[in-house]
Amino acid sequence: MMSGKILIVDDQYGIRILLNEIFQKEGYKTYQAANGVQALSIVEKDRPDLVILDMKIPGMDGLEILRRVKKHDETIQVIIMTAYGELDMIHEAMKLGAITHFAKPFDIDEIRAAVRKELPINTPSS
Numbered sequence: 001m002m003s004g005k006i007l008i009v010d011d012q013y014g015i016r017i018l019l020n021e022i023f024q025k026e027g028y029k030t031y032q033a034a035n036g037v038q039a040l041s042i043v044e045k046d047r048p049d050l051v052i053l054d055m056k057i058p059g060m061d062g063l064e065i066l067r068r069v070k071k072h073d074e075t076i077q078v079i080i081m082t083a084y085g086e087l088d089m090i091h092e093a094m095k096l097g098a099i100t101h102f103a104k105p106f107d108i109d110e111i112r113a114a115v116r117k118e119l120p121i122n123t124p125s126s
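Numbering follows the UniProt record's numbering, with no gaps: position 8 of the sequence shown is 8.
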């Protein structure tokens with residue numbers, strides 16, 4: 001059984017842990033990164049299928065991380081998270097190939113549904 005690999009990139013520990021727990025329960029293999037350097041190293045080493053990426057990260061911002069992820073492998077899907085109202089950033093991220101975005105605080109069910117749509121989990125039929 002192939003389960004999808006998800007990389008969660010957020011400088012806020014609580015959000016990483018929350019998303020990590022949710023997607024592990026769903027059956028995905030998860031990775032976490034607190035910054036761009038960690039994120040890109042995981043992308044190169046483990047090649048996640050999907051990246052959930054916060055746009056406001058100290059150091060390398062979300063757009064730069066997105067750019068580099070896509071440069072490394074444009075088949076990696078990216079869902080971005082932004083603070084409410086960062087329309088320019090959302091627009092730019094979509095141009096760079098992000099598939100969808102969520103404003104923080106996000107709705108867990110919505111983000112879960114978006115991930116399932118991009119990375120359907122193969123549940124073994126009982």
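C-beta atoms are modelled at their ideal positions from N, C-alpha and C, and glycine is treated no differently. Since the structure is predicted, the reported quantities are computational estimates derived from the model, not experimental observations.
- Query: Just checking, does the stretch 103–115 make contact with the stretch 60–70 on the three C-beta pairs under 8 Å criterion?
  - Reply: Taking a contact to require three or more Cβ pairs closer than 8 Å, the stretch 103–115 and the stretch 60–70 do not qualify as touching.
- Element boundaries [beta strand (DSSP E), containing residue 33]: Per DSSP, residue 33 belongs to the beta strand (DSSP E) from 29–33.
- Item | residue 73 in three-state terms, based on DSSP | Looking at residue 73 - three-state DSSP - the assignment turns out to be coil, as it is neither helix nor strand.
- Message: Need the endpoints of the beta strand (DSSP E) that residue 52 sits in, please.
- Response: Counting along the chain, the beta strand (DSSP E) containing residue 52 begins and ends at 50–54.
- Message: Can you tell me where the alpha helix (DSSP H) holding residue 93 begins and where it ends?
- Response: First-last of the alpha helix (DSSP H) with residue 93: 87–95.
- Query: Can you tell me whether residue 69 is buried or exposed, with buried defined as 16 or more other CB within 10 angstroms of its CB?
  - Reply: Answer is buried; the Cβ neighbour count reaches 16.
- Give the range of the beta strand (DSSP E) segment to which residue 23 is assigned. Taken as a continuous stretch (DSSP letters only), residue 23 belongs to no beta strand (DSSP E), being part of the alpha helix (DSSP H) at 13–26.
- Query: With DSSP run on the structure shown, which of helix, strand or coil describes residue 119?
  - Reply: Here residue 119 sits in coil by DSSP.
- Task: Measure the Cβ-Cβ separation of residue 25 and residue 3 and say whether it is below 8 Å.
- Result: Against a cut-off of 8 Å, the Cβ pair of residue 3 and residue 25 comes out as no contact.
- With DSSP run on the structure shown, which of helix, strand or coil describes residue 39? In the displayed model, residue 39 falls within a helix according to three-state DSSP.
- Message: Please report the distance separating the alpha-carbon of residue 94 from that of residue 21.
- Response: The straight-line gap from Cα to Cα measures roughly 27 Å.
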